[in-house]
Amino acid sequence: MTSVNLPSDSAGNTVTAPETQTDAVAAPSKKSQHEVLYFALRSKKFIFAVAVLGFLVLLAIFGPIIDSNDPLAQTLGVNTPPSTDPGYWFGTTTFGEDVFAQFVNGLRATFFVGLLGGGIASLIGMSIGFIAGYKGGWVDELLNMVTNVFLVIPTLALLLVISSYLQRSWPEARGVFFESIFVGVTAWPWAARAIRAQTFSLRSRDFIDLAKLSGRRGLKIIVFEIAPNMSSYLMLTFILLFGNAILIAASLDFIGLGPTSGMSLGLMMFNAVSWAALLLGTWWWFVPPGLGIMATVGALYVMNVGLDEIFNPKLREL
Amino acid sequence: MLSLNRISKNYKIGTFGGKDFTAVRDVSFELAEGEVVSLIGESGSGKTTVGKMILKLIDISSGSIVLDGVDVSTVKGKDVKGYYRQVQGVFQDPFSSYNPIFKADRVFSLIRVEYFPEMARSEWDDKVEAAVRAVTLDPGQVLNKYPHQLSGGQLQRLLVARALLLDLKVLVADEIISMLDASTRIDVLNLLADLKSRGMGILFITHDLSLGNYISEKTVILRHGVIVEMGATEKVFGNPTHPYTRMLISSVPQLHKKWAQIESELAAPIAGRGGCLFHEAYPLAGRTADSKDDPTLAKIEDNHFVGCFELESEKTARVA
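Structure representation (structure tokens):
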């Protein structure tokens, strides 16, 4: 029976395929209400990523409470390797600062910059990308022009000018909050272009026409028809912008234009490098922030792959 | 019921839209209740554009579309929704008509959200089930499935069922069975015949002459965005007058003529005079169309109209 059916499979595929799948689908369809949750809990990638991110977030929230040392206080022994003594969990810097306190406080600032900066950039990038790609015509041309202008502005130079200006006229603005906003409003152009291109290819599909025939228009079509189709793409955009915001903020900290007080993972790494931690062999100064950034961005990436499998029914293992 | 009055579609092409491209020019025909009109043409003839203009998915450059005495070509914004209550479409590719990440029956819930937000859940479910049964599908087998789990024929019939949920008067069926295999085709064709008997007007867009002949009362043949011949199906197929129609019909069963030969025959009258594409040699008056009031087609018998071409006798007279 099987041997007879196999050769004709390519020809009769359209007819036979749905029948063979019917039984396999019957079981999960009962759980249609909690389908997303059902597949989410089955995805190892998703669970792993959530665990890593959850751990880091908890560390950022409760770390400073567990270790109440001031991250910038130079009160401990210098260049001490990690040990179980309170204040020395991650060792100390060349200046006798508590690396663990720096790490958990830096994690806070880093998550904040990533979320706010990456969030703002995603919001602007997605809005412009969706509208340009969906509307087309002169709206597209105009928004494309704006995007290109922002794309060619040297971000760092602009931030340099703004930050040094603010330093004199409005010193309070030199905090993590404003840093995030500056990063956010300059980091979106590539996201806008990428989303515009995707939207462009989706808007001419028949199901968009069908949604229009169902009485849907404009924004509803973007939000309910186009965006869900590229949800993993949008997630990836946010993740990349999140990581990007962290790195830009780190570079700003590096040239002395970051927050005047406080700590971030980028600043930790910069300090470690500029005070020759590499040469001195004080690895505990730069490994935690490096791992912290890598684990955050890496976990977000793995989470994205997991989410893709959860939301895209074609990738689900049935 | 639905009538198109000289609708045209021009596109601006080239850098800064410097050039005009006419996809559809002065197309007029009527669709009555319980009637199937087949719109036949080759790829690029503008038949899909006509369908999309009727569905208001593409703006009309000129002309008007009238539904039951109301000019719907100027309807905008929220009123379009009311129009869609009466006029719906089904497209060629069943797999692209469904948003792949949602279940296939989401096309029904969209209708509910937009048109029947007040209706009770159970009442709505009954309505959907009735519509699905009306297109000879088993609700238990097709509902709550993803598009890739259903066959093309099932998906197309679900789209027809979706249209049935509304108070439909006109269905634009754009190549709806071109992508189906032969056994499913006949099911969908019979379904259309059933809708017709319920008084629905169907615009059946196809490139397949035999399908058009099988199902329709009226045939419109489109070439390069212009109607070349139109009329009662038996007249167009029984007494094809325009050379293009003849070529189409003769090329269905056997190809005893080479394409190049046919192409040159078709090009001759147009190249000969220049200017008007559709009204070159008006068989009755022999003049070209100057004003918008001029008819675009010549009536050669009752319920049978033909576009520009030169009759063989005229051609020999001109050459001689």
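Keeping their order, the protein sequence lines are chains X and A.
Each position in the first sequence, counted from 1, maps to that position plus 8 in the numbering used here.
Each position in the second sequence, counted from 1, maps to that position plus 5 in the numbering used here.
Yeah, the Cβ is synthetic: ideal placement off N, Cα and C, and Gly gets one too.
Residues in the stretch 16-40 of chain A having any Cβ partner in chain X nearer than 9 angstroms: none
For the beta strand (DSSP E) that D130(A) lies in, which residues bound it at each end? Unbroken run through D130(A) is the alpha helix (DSSP H), 126-139; no beta strand (DSSP E).
Taking 8 angstroms as the CB-CB cut-off, is A219(X) touching chain A? yes
Since G2(A) and M205(A) should fall inside the 8 angstroms C-beta cutoff, what is the C-beta to C-beta distance between them, to a whole number of angstroms? Examination of residue 2(A) is not possible in this model, given that chain A is present from 6 through 325 alone.
Backbone secondary structure at K24(A) - three-state DSSP: strand
Listing by chain order, which chain X residues have their CB less than 9 angstroms from the CB of Y120(A)? S222, G223
Three or more beta-carbon pairs under 8 angstroms between the stretch 271-291 of chain X and the stretch 145-155 of chain X, yes or no? no
Mind listing which residues of the stretch 113-146 of chain X have their C-beta closer than 7 angstroms to chain A's C-betas, in chain order? none
For S188(X), which of A57(X), L123(X), L308(X) has the nearest alpha-carbon? L123(X)
Quick check on Y249(A) - is its C-beta less than 8 angstroms from some C-beta in chain X? no
Measure the CB-CB distance between L227(A) and S69(A) and report whether it falls below 8 angstroms. no
Identify the residues that DSSP records as bridge partners of D76(A): which are they? V71(A)
Specify whether the stretch 84-95 of chain X and the stretch 24-34 of chain A touch according to this definition: at least 3 beta carbon pairs, one from each stretch, less than 8 angstroms apart. no
Determine the direct distance from the alpha carbon of V241(A) to that of S212(X), and round the result to whole angstroms. 35 angstroms
In this structure, does DSSP put L315(X) in helix, strand or coil? helix
Kindly indicate which three-state DSSP category I254(X) falls into: helix, strand or coil? helix
Pull up the distance between the alpha-carbon of S43(A) and that of Y219(A), whole angstroms please. 10 angstroms
Would you mind listing the alpha helix (DSSP H) stretches within the stretch 157-235 of chain X that are 4+ residues and don't spill past its ends, in chain order? 163-177, 184-194, 197-211, 214-221, 226-229
Under 8 angstroms between C-beta atoms of Q93(A) and L176(A): yes
Excluding the 5 residues preceding and the 5 following V140(A) in the sequence, name in chain order all residues of the same chain whose CB lies nearer than 6 angstroms to its CB. R162, V165, A166, L196
At least three beta-carbon pairs within less than 8 angstroms, the stretch 202-219 of chain X to the stretch 294-303 of chain X: no
Interface residues of chain A around F319(X) at Cβ under 8 angstroms? I106
From the beta carbon of N237(X), is the nearest beta carbon of chain A less than 8 angstroms away? yes
Please confirm whether R50(X) has its beta-carbon closer than 8 angstroms to some beta-carbon of chain A. no
Identified DSSP bridge partners for A109(X): The partner list for A109(X) (beta bridge, DSSP) is empty, contrary to what the question assumes.
When the cut-off is 8 angstroms and only beta carbons count, does F208(X) lie next to chain A? no
Spatial neighbours of F148(A) within its chain, please: C-beta separation below 6 angstroms, excluding the five flanking residues on both sides. The amino acid at residue 148(A) is misidentified as Phe; the sequence shows Leu. The residues are D110.
Less than 6 angstroms between C-beta atoms, sequence neighbours within five positions excluded: which residues of the same chain meet that for L171(A)? R90
Between which two residues does the beta strand (DSSP E) harbouring E306(A) extend? 303-306
If you measure from the beta carbon of D98(A) to each beta carbon in chain X, is any gap under 8 angstroms? yes
Can you tell me whether W196(X) is buried or exposed? The criterion is at least 16 other CB atoms within 10 Å of its CB, across all chains shown. buried
Quick one: Cα of R251(A) to Cα of V311(A), how far? 12 angstroms
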